[in-house]
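In the working numbering, the protein residues as written are 11 to 464.
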């Protein structure tokens, strides 16, 4: 036991004192702020002057409507700002079109619009003039409204910055609104009446537990919580698994392992290394937990003050316990595999190549969550959450979306940690022979021979 504690202390102290640990510990909360608070603040920042637009109205009927629609930035879907899950999707969705639309709504009033008088000139002459003004930075862009726009719904936008999806998408949306209103006016249909009849239905969602009791309203935060927790487990396993792989290869290259094996058993040495690095991870998560608590107190207030509604879903204490247990399960499973791979190869490049199947197995568990989240209590979901190499992610998805019976969670943990014990015992036999082997990478038949002979 004293030798195991000595190995654990060595692995822990050696890594906590490194600059990399300090950088990653500070960078974690910083990245959290970048991907949550900063986007909400950045979409409210107005850079540069107003967008200078010209409108060429060949129909002679739409200029005022289009101008009013763009300057007022009317929303053709819903007059009020989105709340609940819609606001969270708008704030967190990584799709560029959703981000563009959200940003465009927040920068209304940043246009100057002028009407281009055709005055008997051809459209080609007008466009040449406008193109010249754009090239001289006197104009940012112009819209051409053809004569048949009310029937075929086609218009053209010319601008210096064709990649400006903010302006392009917003102008298209407001132009569609103006054309729709003109069509209704031509048919003597009241615009306000149509807007009132088209008002969307706001549907609240309330979960029901196994006892038939109705819970609090679900704003959709649980959907994001699933992927946040799964991503944290994924990143932890990858990052600290690579630490194990690199440390084993380094010890093998420097032949320090020969000295260690003279006084410490391979099983003790491997367990000490795995536990020591796991304590490093837990130390980092404890610091990040404090940063998360600070974000909960102050970061959400900043998002709300910037106009983005965001509500943290309620997190029961059992959720943190399950997250901790499945994080440890995933770490010890994959870290053990990384340690075995490190003992089998001779260089870091070989280790990276041989570790690819391990990485793909972890990624597969992440992909399975997309299926499980739709039907967390299906037979497929139950079996997927019992497979040890998928359970750290798949079972957490089930727990967050629709908590399964306790016996299923306990059985998943029991199978997982039993697999860890068997895997560590098996890996220690490979580890002892592999770490003393130099010159070439071990083959699969050789590995099986080491297991039988160790």
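Glycine included, every Cβ here is placed at the ideal spot set by N, Cα and C. Computed from a predicted structure; not experimentally measured.
Spatial neighbours of residue 73 in its own chain (CB-CB distance under 6 Å, excluding positions within 5 residues in sequence) are listed in chain order as 65, 67 and 125.
A distance below 9 Å separates the beta carbons of residue 350 and residue 441. Per the Cβ contact rule, the segment 373-393 is not in contact with the segment 270-281 (fewer than 3 Cβ pairs under 8 Å). Look at residue 291 here: in three-state DSSP terms it is helix. Here residue 348 has 251, 254 and 255 as same chain residues with Cβ atoms under 6 Å from its own Cβ, once five neighbours each way along the sequence are excluded. Between residue 413 and the set 392, 32 and 436, the nearest pair of CA atoms involves 392. Taking the Cα positions, residue 339 is about 30 Å away from residue 269. Going by C-alpha positions, residue 147 is about 52 Å away from residue 378. In the displayed model, residue 128 falls within coil according to three-state DSSP, outside both helix and strand. In this structure, DSSP gives residue 144 a helical state, which the three-state scheme calls helix. The bridge partners DSSP lists for residue 166 are 154.
Note: residue 67 is bridge-paired with 155 in the DSSP secondary-structure output.
With 16 or more other Cβ atoms inside 10 Å of its own Cβ, residue 375 counts as buried. Its chain contains no residue whose beta carbon lies nearer than 8 Å to that of residue 211 once the 5 sequence neighbours on both sides are disregarded. Annotation for residue 338: the continuous alpha helix (DSSP H) segment containing it runs 327-354. Setting aside the 5 residues that flank it on each side, residue 62 is surrounded in the same chain by 122, 149 and 150, each with a C-beta closer than 7 Å to its C-beta; the list follows chain order. The alpha-carbon separation between residue 425 and residue 281 amounts to approximately 19 Å. Straight-line measurement puts the Cα of residue 178 at about 15 Å from the Cα of residue 81. Annotation for residue 385: no alpha helix (DSSP H) segment contains it, and DSSP assigns it neither H nor E. According to the DSSP assignment, residue 19 belongs to the alpha helix (DSSP H) that extends over 12-26.
In this structure residue 17 is in contact with residue 283, their Cβ atoms being roughly 7 Å apart against a cut-off of 8 Å. Partner residues in the beta bridge of residue 123, as assigned by DSSP, are 63. Of the other Cβ atoms in all chains shown, 16 or more fall within 10 Å of the Cβ of residue 353; this residue is therefore buried.
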